[in-house]
Amino acid sequence: MVIEERKMQSLAARLSQDEVRGRSPWADARKRFVRNKAAMAGLIILILVGLFALLGEYVAAWSNDELDFTVMGQVAQMGMPSLQNGHYFGTDDLGRDLFARTVQGTQISLMVGIVGAAIAVVVGTLYGATAGYVGGRTDQFMMRAVDILMSIPYMFVLILLLVMFGRSMSMLFLGIGLISWLDMSRIVRGQTLSLKNREFIEAARAIGVPAWKIVLRHVVPNLLGVVAVYATLLVPLMILTESFISFLGLGVQEPLTSWGALISEGAGTMNYGTLWQLAFPLFFFVITLFGFFFVGDGLRDALDPKDR
Amino acid sequence: MFAYIMRRLAVAIPTLLLLIVFSFVLMHMAPGGPFTQERALPPQVIANLNAKYGLDQPLWRQIASYLWGIVANFDFGPSFVYPDRTVNQLIAAGFPVTLTYGTLSFIAAVVVGVGLGVVAAIWHNGFLDYLAVGISIGAQVLPNFVMAPILVLVFTLWYRMLPGGGWSFEDPSYWIMPVIALGTSYMASIARITRSSMLEVLGSNHIRTARAKGMPEHRVILRHALKPALLPVISYLGPVFVSMITGSVVIDVYFSTGGIGKAFVDSALNRDYAVMMGVTILVGALTILFNLVVDILYAWIDPKIRY
C-alpha cells in the first residue's frame, strides 16, 4: 500500500504542476513539430549531413587535393568506390578521392546556403521592418526600390558581377546577398504593418522609446516565427543558386568545389562509365534539399496550425 | 484599365533604363578592358581600338549613345571579341531556339502542374492525391541542372531513344529533353500551389451552393472552382517565366542547343561585355514585359482587384 500511495502522490504532483505551468505557443509548436514525421525525418537528415560535413575529413583516407597515381588514367576500371584502397566514394576523373571532395563540396554548399540566408534574414528583416514601421512616403519609396530590384533578372546580373569582378567566394556571397533579401523584406513589411498598431507598440511609443529601439526590441522579436520559417526555406534556394552557377563553371573555383561543381563534373564524365562521380554528389544535394524543405514546411505547419 | 496599364508602364520603363545604366556602369568599373591581353598591345593600338568603339569618350556620353542606339535602332553595338559580328546577330541566332523550347516547357509545366494539382484536390487524401503530391515533392528537388544529366543518362546512354544534344527545328525528338529538364521543378511548384488553392476554393461557400442546387460536379469544378483557384498560379507565372529564361543557360550549355544562354555563357567566359549586356537587357525587358502581362491578366480575371 505504501508504494501505491507514493505513486498517487507523484501523479497528483505532476498533474498539478502541468496545470500551473501552462503551455506557451512555442511549446505547442515544438510538440506539433516533433509529431510531424516528415519534418523530423528532414531534421535527422540535416543533422547527418551536417555531421558528414564536419567530421568527414577525419574519416577520409585521402585528402581532397591528393592525386592517386595508381588509378590515374584508368579511373573507370580502378577508381570505383571501394573500401580497400580508401576511396569510399571512388575517385574523380583526375584520381582525387571523391569522398574527400564531396565532404569539401558539402561544407561549401552548406556554408553558401547558410551565409546567404543569414544575409537575407538580417538585411531583409531590418529593411522590411523599417519600411513598415516608418510608413508613409519612406515606405513607398523603399518598397518601390524592392519592386524594381525584383524585376531584374538576377541570375544574369549575378553572373555579370562574378565575371567582371573575379570569381571569388566573397564576390559570390556579396552577389547572392544582394538579391536574397528582397522577398524577405516584403514579407517582414507586411507583418510589421499588422503589428504596428498593437497596444504594446503604442505603449512603447507613449513612454518615449525611440523608433529604432521599438523596431529592434519590439517589432523584430515578434516577427521571429515568420523569419525562421522563411529562412529555413531560403537556405535550399541559396544552395540551388550557388549550384546553378557552379554547374556552369562560373561559381566556386578549383581547388575549392561545391555540389554544383561536382554534379557538373560527374555529368561530364558519365559517358565513360564512372557513374559514381555523378551519383554521390547528387545524392547529398537531393537529400539536403529534401531535408530543408521538409523542416521548413514542418516549421510552418507547427507555428501556424490553422493553415493545414 | 487603360490607366492601370499606363501606370504600370510608367514604372516599367524607368526600371529598364535603370538596368541598362546599372550594367553599363558595372561594365565600366570592372578591372581590365575587353582588349586586355596577355601580351600588352602597343598604346597606339589600344587608343585606336578605344576610339573605334567609342571608349575614349566620357562615361555619360557612352551611356547616352548606347541608350540611343537601343531606343532608336534596336542596336546593341558590336561584339568586342568577334569583330565581324554584332550583338544583334549573336542574339538573333540563339533567340528562336530559346523561345521554342522555353515556350513549350512553360506550357508543359503549367498544363501538367495545374492538372496534377486539380486532380490531387478533387480526390483529396485518395490514391491520386498521394501520387500527385509524391510526384511534386520529388520533382521539387530536381532543378534543370540535375534533370538534364539524369535524362541524358536514361534516355540517351541507357535506352538510346533520344539524341543527347544539339538542336533541330524540324525534329521534335531534340526538343523533348530540354523541355522536360527545364520545366520539371516548376511543374512541381505549380502543382503544389494549385492543389492548396483548389482545396481552399472547394471548401468555400459558393461551391457548396453550386452543389446544393444540383449542378453536375464537372461543371462545379470547371465553371466555379477553377477560375478562383488559378489566381495564385497566375501570380506565380512571372517568376516561372524568369526561371525558364535563366534555366535556358544550363540547357544551352548542357544540351548544346545554341540558344541565347550559350551566347551569354560564352561571352561571360570571354569577357565579351557587349554581348553580356545585350542579353541581360533583353532578358530584363522580357521579364518586365511578362510581369506586366501577368498583372494585367490577374486584374482582368479577379474582379476584386481595382486598378
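Chain order of the listed sequences is A and B.
Just so you know, we're using our numbering here: the first sequence kicks off at 3 and counts up by one.
Just so you know, we're using our numbering here: the second sequence kicks off at 8 and counts up by one.
Quick reminder that beta carbons are idealized off the backbone N, C-alpha and C, glycines included.
Owing to the predicted nature of the structure, the values given are computational and were not obtained by experimental measurement.
Check: Output, in sequence order along the chain, the residues in the stretch 270-289 of chain A whose CB is closer than 9 Å to any CB in chain B.; Outcome: Gly270, Met272, Asn273, Leu277, Leu280, Leu284, Phe287, Val288, Ile289
Check: List the residues of chain B that A/Phe249 touches, going by C-beta distances under 7 Å, in chain order.; Outcome: Phe152, Val257
Check: Flag A/Met42 as yes if its beta-carbon sits less than 7 Å from any beta-carbon of chain B, otherwise no.; Outcome: no
Check: Using a Cβ-Cβ distance cut-off of 7 Å, determine whether A/Val83 contacts chain B.; Outcome: Looking at the sequence itself, residue 83 of chain A is Pro, so the reference to Val does not match. No - not a single Cβ of chain B is within 7 Å of the one on A/Pro83.
Check: Could you check whether the Cβ of B/Ile295 sits closer than 7 Å to any Cβ belonging to chain A?; Outcome: yes
Check: Along the alpha helix (DSSP H) that carries B/Met205, what are the first and last residues, could you check?; Outcome: 183-209
Check: Closer than 6 Å by C-beta to A/Ala41: which residues in its own chain qualify, once you throw out the five before and the five after it? Chain order, please.; Outcome: Phe35, Phe296, Val297, Gly300
Check: Tell me which residue opens and which closes the alpha helix (DSSP H) that B/Ile20 is part of.; Outcome: 9-36
Check: So that I know if they touch, is there some Cβ in chain A lying closer than 7 Å to that of B/Leu26?; Outcome: yes
Check: Alpha carbon to alpha carbon, what distance is there between B/Pro170 and B/Leu111?; Outcome: 18 Å
Check: For B/Arg50, is the classification buried or exposed, using 16 other Cβ atoms within 10 angstroms of its Cβ as the cut-off for buried?; Outcome: According to the sequence as given, residue 50 of chain B is Pro; it is not Arg. With fewer than 16 other Cβ atoms within 10 Å, it is exposed.
Check: Name the DSSP bridge partner or partners of A/Asp99?; Outcome: A/Thr93
Check: Between which two residues does the alpha helix (DSSP H) containing A/Gly179 stretch?; Outcome: 171-197
Check: I'd like to confirm something about A/Met173: is its beta-carbon nearer than 6 Å to some heavy atom of the ligand NAD, or not?; Outcome: Looking for the ligand NAD in the displayed structure turns up nothing, as the structure carries no ligands at all.
Check: Can you give me the start and stop residues for the alpha helix (DSSP H) that B/Pro50 sits inside?; Outcome: 50-59
Check: For a test of the three-state rule: what should DSSP assign to A/Leu305, helix, strand or coil?; Outcome: helix
Check: Could you check which residue in A/Leu174, A/Trp214, A/Ile181 has the C-alpha nearest to that of A/Met113?; Outcome: A/Leu174
Check: Do the stretch 259-275 of chain A and the stretch 240-251 of chain A touch if we need at least three Cβ pairs shorter than 8 Å?; Outcome: yes
Check: How do the stretch 118-128 of chain A and the stretch 178-185 of chain A stand: do at least 3 beta-carbon pairs fall below 8 Å, yes or no?; Outcome: yes
Check: Is the CB of A/Ile161 under 7 Å away from at least one CB in chain B?; Outcome: yes
Check: Determine the extent of the alpha helix (DSSP H) in which B/Trp307 is found, giving its start and end residues.; Outcome: 280-308
Check: When you check each C-beta in the stretch 276-300 of chain B against every C-beta of chain A, which residues fall closer than 9 Å?; Outcome: Leu276, Arg278, Tyr280, Met283, Met284, Val286, Thr287, Val290, Gly291, Leu293, Thr294, Ile295, Asn298
Check: Going by the CB atoms, is the gap between B/Ile200 and B/Val256 shorter than 7 Å?; Outcome: no
Check: Between A/Arg302, A/Phe292, A/Leu305, which has its C-alpha nearest A/Ile49's C-alpha?; Outcome: A/Phe292
Check: CA-CA distance, B/Phe320 and A/Ser266?; Outcome: Residue 320 of chain B is absent from the structure shown; chain B starts at 8 and stops at 314.
Check: With burial defined as no fewer than 16 other Cβ atoms inside 10 Å of the residue's Cβ, what is the status of A/Ser111: buried or exposed?; Outcome: buried
Check: For the stretch 22-36 of chain B against the stretch 145-154 of chain A, do three or more pairs of beta-carbon atoms, one drawn from each stretch, fall closer than 8 Å, so that the two count as touching?; Outcome: yes
Check: If I measure Cβ to Cβ from B/Ser86 and keep anything under 7 Å in the same chain, skipping five residues before and after, which residues do I get?; Outcome: Arg92, Thr93, Val94, Leu97, Asp279, Ala281, Val282
Check: Out of B/Gly254, B/Ala139, B/Leu209, B/Ala127, which has the shortest C-alpha to C-alpha gap to B/Ala188?; Outcome: B/Gly254
Check: Is the shortest distance between the beta-carbon of B/Pro156 and the beta-carbons of chain A less than 7 Å?; Outcome: yes
Check: Got a sec: is the Cβ-Cβ distance from B/Val272 to anything in chain A below 7 Å?; Outcome: yes
Check: Would A/Ile154 pass as an interface residue toward chain B - the criterion being a Cβ-Cβ separation below 7 Å?; Outcome: yes
Check: In chain order, what residues of the same chain lie with their CB nearer than 6 Å to the CB of A/Leu45, ignoring the 5 residues before and after it?; Outcome: Val297
Check: So B/Ala128 and B/Leu206 are supposed to be a Cβ contact under 8 Å. How far apart are they, rounded?; Outcome: 5 Å
Check: Using the three-state DSSP reduction, which class does A/Leu85 fall into: helix, strand or coil?; Outcome: coil
Check: Tell me the start and end of each unbroken alpha helix (DSSP H) in the stretch 15-72 of chain A that is at least 4 residues and wholly inside, in chain order.; Outcome: 27-37, 39-61
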